[in-house]
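Colleague: Residue numbers (my numbering), protein chains in the order written: chain A, 85 to 455; chain B, 6 to 291.
So this is what it looks like as structure tokens:
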């Protein structure tokens, strides 16, 4: 038996399994996870186009007027200066001040004030200005270009690293790779594979290849579709400059990170499905571990799949604005690994995990009654 | 299929009370669950945070321990709504993990082994069955949520000055009501997942994924559209808003209390519908 023969056996098993991984009824939610961000980005593009049409139809103000909005101005002053706004919303709410305690009686003293809040929106053809008034006085003026390319790329980086890598690929691989062995045990069909004249390690490699091909194709396509959906609403000049600059490299890096995510998480979940009867526990532990990754010391951060995947991403994920100050303080992301270290590092870990899984599958005895 | 031989006669003798019948299932389920070492370990780990909170309350009420450490510390060590909110947030995460471990085994095996007719041939309605299964989860999740929370609240009442309870009784009430809402949601998600996928393994992943992926998707929508309404698909955020209202803390931007309650109500109704569709004593095979 040559290595080439075993490789052919593994590929035969992979092609048989691949159909199940791609087209089974259970795979539909994997597609949902993979393509949901693309769907949202496309929706955002469509809504932007529609909004701009609507704004242009309702009239513009001069850019200088938008620049002149300053906190402290009154509603009347703004309307006199800029005319009728694009949109106008108002409501009244009660705001509670910090509770205080009466020292002598120990009773709680609550101070409440009524706030009349009004939002006005103006458009100068390029920028939207969103004004927030409290009791008739301008509290904040937020001006932004809805077609800010840099901001959209930063949002994509956040979505890719915080949703796609941490959740979509994680849960997608959990479903695909655990199904390969544990699913067959639950279906009581694994013994058919074990009766085939192929070594169990070959079976493991074949099944892993099938899962890897399916997950990589699905998630890499999802990531790329989202990437193109981000670029789509922007003007030709900006996009052209991006493609002539770092565009292709960024696209390839995101695709590589998605594929390597499938490689890393896939091996872990395949091994978990073989080594443990309830792989949900390691999945939950891994989810928590990857979630708190940024708060761990440098050395521990390097013991996660996410660290190597994030090292490959070209744009760092933006920190969310509502992150509590204390968390911001203790958040200390380790310096990203070089791609020349991240890729082989992840591959070496995968080979080790698959080796452990191969040892487990060699010893595996089927007892369906305990499943 | 025609039935020719009618040897079966319905039992006509006395039956136990409704409550006793209802509690039979949770009783056995609890016994079975706590035979699992993993469940005991996770329950024990879930009680670590309440223990730390108890230490915090002790330190907070013994000002002599930190008297020389500056005035800002008093505000930081205050036992207020923010303290109970942090406690609730941490314990709610453990709630999900426990439900992901215990929930799938409640309905999925009955469905995959066609055991439902055995239950429903007894004086037990579908609602009773769901209530009994839910009682199992409620009992188990209570151990790590409102029960230790109430102990903490009691500890604070005992250590603080005499007027504290009169001024802050709503923290205790909010804690119980808030956790009850959360336990109800987590239990419904666990039961619906268990009924929907039949496989314990996938059901566990679905419970985890439901909360984490929805929270991620909500943040993604908010980030891409630069809005706040994406949070309507995040049950954790909706529950947090309700907790804030119950504890008298300012409601975070994004969702108001009525929208949050509507989201949670809609979610519970949708999950109830799944249970209604999946839990049938008979199955018509076409």
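Every residue gets a Cβ at the ideal spot worked out from N, C-alpha and C, and that includes glycine.
Taking the continuous alpha helix (DSSP H) assigned at residue 254 of chain A, which residues delimit it?
Modeller: Its alpha helix (DSSP H) spans residues 253-262.
Colleague: Output, in sequence order along the chain, the residues in the segment 348-381 of chain A whose CB is closer than 8 Å to any CB in chain B.
Modeller: Within the segment 348-381 of chain A, the qualifying residues are 362, 363, 364, 365, 367, 368, 371.
Colleague: Along chain B, which residues have their Cβ under 8 Å away from the Cβ of residue 247 of chain A?
Modeller: The contacting residues are 221, 222, 224, 225.
Colleague: Given this structure, state the Cα-to-Cα distance separating residue 283 of chain B from residue 201 of chain B, to the nearest angstrom.
Modeller: Rounded to the nearest angstrom, the two C-alpha atoms are 7 Å apart.
Colleague: Residues of chain B with a CB under 7 Å from the CB of residue 262 of chain A: which are they?
Modeller: Under the 7 Å cutoff, chain B gives 206.
Colleague: Run down chain A in chain order and give the residues with a C-beta less than 9 Å from the C-beta of residue 217 of chain B.
Modeller: Going along chain A in sequence order, the residues near residue 217 of chain B (Cβ under 9 Å) are 250, 251, 254, 255, 371, 375.
Colleague: So which residues of chain A does residue 102 of chain B contact, with C-beta pairs closer than 7 Å?
Modeller: Here the neighbours are 368.
Colleague: From the beta carbon of residue 121 of chain B, is the nearest beta carbon of chain A less than 8 Å away?
Modeller: Output row for residue 121 of chain B: interface = no.
Colleague: To the nearest angstrom, how far is the alpha carbon of residue 101 of chain B from that of residue 149 of chain B?
Modeller: Distance between the alpha carbons of residue 101 of chain B and residue 149 of chain B is about 11 Å.
Colleague: Once DSSP output is grouped into helix, strand and coil, what is the label at residue 217 of chain A?
Modeller: DSSP places residue 217 of chain A in strand when its eight states are reduced to three.
Colleague: Only counting the same chain, and skipping five residues up and downstream in sequence, which positions put a Cβ closer than 8 Å to that of residue 310 of chain A?
Modeller: Result list for residue 310 of chain A: 121, 122, 125, 240, 243, 244, 248, in chain order.
Colleague: With a cut-off of 8 Å on the beta carbons, I'd call residue 260 of chain B and residue 232 of chain B a contact; round off their distance for me.
Modeller: Between residue 232 of chain B and residue 260 of chain B the Cβ distance is about 11 Å, and since that is not below 8 Å, they are no contact.
Colleague: Beta-carbon of residue 230 of chain B versus every beta-carbon of chain A: anything under 8 Å?
Modeller: It does; some Cβ of chain A falls within 8 Å.
Colleague: Report the neighbours of residue 106 of chain B on chain A: residues whose CB is nearer than 9 Å to its CB, in chain order.
Modeller: Residues of chain A passing the Cβ test: 362, 364, 365, 368.
Colleague: So, with DSSP's three-state summary, where would you put residue 204 of chain B?
Modeller: Of the three classes helix, strand and coil, the one that applies to residue 204 of chain B here is coil, per DSSP.
Colleague: With the cut-off set at 8 Å, would you say residue 358 of chain A and residue 265 of chain A are in Cβ contact?
Modeller: It is a contact, given that the beta carbons lie within the stated cut-off.
Colleague: Note the first and the last residue of the continuous alpha helix (DSSP H) segment covering residue 89 of chain B.
Modeller: First-last of the alpha helix (DSSP H) with residue 89 of chain B: 86-107.
Colleague: Should residue 160 of chain A be flagged as near chain B, meaning a C-beta pair shorter than 8 Å?
Modeller: By this cut-off, residue 160 of chain A is not an interface position.
Colleague: Identify, in the order they occur along the chain, each residue of the same chain with its Cβ nearer than 8 Å to the Cβ of residue 125 of chain B, setting aside the five sequence neighbours on each side.
Modeller: Here the set comprises 131, 134, 286.
Colleague: Check distances from the C-beta atoms of the segment 46-59 of chain B to those of chain A and list, in chain order, the residues that come in under 8 Å.
Modeller: If the cut-off is 8 Å between Cβ atoms, the segment 46-59 of chain B has nothing near chain A.
Colleague: Does the segment 213-231 of chain A come close enough to the segment 366-378 of chain A to have 3 or more Cβ pairs within less than 8 Å?
Modeller: Judged by Cβ distances under 8 Å, the segment 213-231 of chain A makes no contact with the segment 366-378 of chain A, as fewer than three pairs qualify.
Colleague: Which residue from A:205, A:136, A:353, A:134 puts its Cα closest to that of residue 166 of chain A?
Modeller: Out of A:205, A:136, A:353, A:134, A:205 has the C-alpha closest to the C-alpha of residue 166 of chain A.
Colleague: Report back the beta-carbon spacing between residue 420 of chain A and residue 395 of chain A to the nearest angstrom; my notes put them in contact at under 8 Å.
Modeller: Confirmed, about 4 Å.
Colleague: Does the beta carbon of residue 82 of chain B come closer than 8 Å to any beta carbon on chain A?
Modeller: It does not: the Cβ of residue 82 of chain B has no partner Cβ on chain A nearer than 8 Å.
Colleague: Can you tell me whether residue 80 of chain B is helix, strand or coil according to DSSP?
Modeller: In this structure, residue 80 of chain B counts as helix in the three-state DSSP scheme.
Colleague: Chain B partners of residue 243 of chain A, CB-CB under 8 Å?
Modeller: By Cβ distance, chain B contributes 225, 228, 229.
Colleague: Run through DSSP, which three-state label would residue 196 of chain A get?
Modeller: Strand, per DSSP.
Colleague: Return the chain-ordered ranges of every alpha helix (DSSP H) run that is complete within the segment 362-409 of chain A and spans a minimum of 4 residues.
Modeller: Entirely contained in the segment 362-409 of chain A, the alpha helix (DSSP H) runs reaching 4 residues are, in chain order, 364-375, 382-385, 389-396.
Colleague: Less than 8 Å between the C-beta atoms of residue 267 of chain B and residue 145 of chain B, yes or no?
Modeller: Result no, Cβ atoms of residue 267 of chain B and residue 145 of chain B do not sit closer than 8 Å.
Colleague: Would you call the segment 220-232 of chain B and the segment 152-164 of chain B in contact, with 3 or more CB pairs under 8 Å?
Modeller: The segment 220-232 of chain B vs the segment 152-164 of chain B: no contact.
Colleague: Of the choices A:258, A:427, A:289, A:423, whose alpha-carbon is the least far from that of residue 52 of chain A?
Modeller: Here chain A comprises residues numbered 85 to 455, so residue 52 of chain A is not present and cannot be evaluated.
Colleague: Exposed or buried, residue 248 of chain B, counting other C-beta atoms within 10 Å across all chains shown (16 or more means buried)?
Modeller: Under this definition residue 248 of chain B is a buried residue.
Colleague: Would you call the segment 430-441 of chain A and the segment 79-93 of chain B touching, i.e. three or more CB-CB distances under 8 Å?
Modeller: Verdict: no, contact absent.
Colleague: Buried or exposed for residue 209 of chain B, going by 16 or more other Cβ atoms inside 10 Å?
Modeller: With 16 or more other Cβ atoms within 10 Å, it is buried.
Colleague: If you draw a straight line from the alpha carbon of residue 198 of chain B to that of residue 381 of chain A, how long is it in whole angstroms?
Modeller: Going by the C-alpha atoms only, they are around 36 Å apart.
Colleague: Give the DSSP bridge partners of residue 174 of chain A, in chain order.
Modeller: In the DSSP output, where bridge partners are listed per residue, residue 174 of chain A has A:202.
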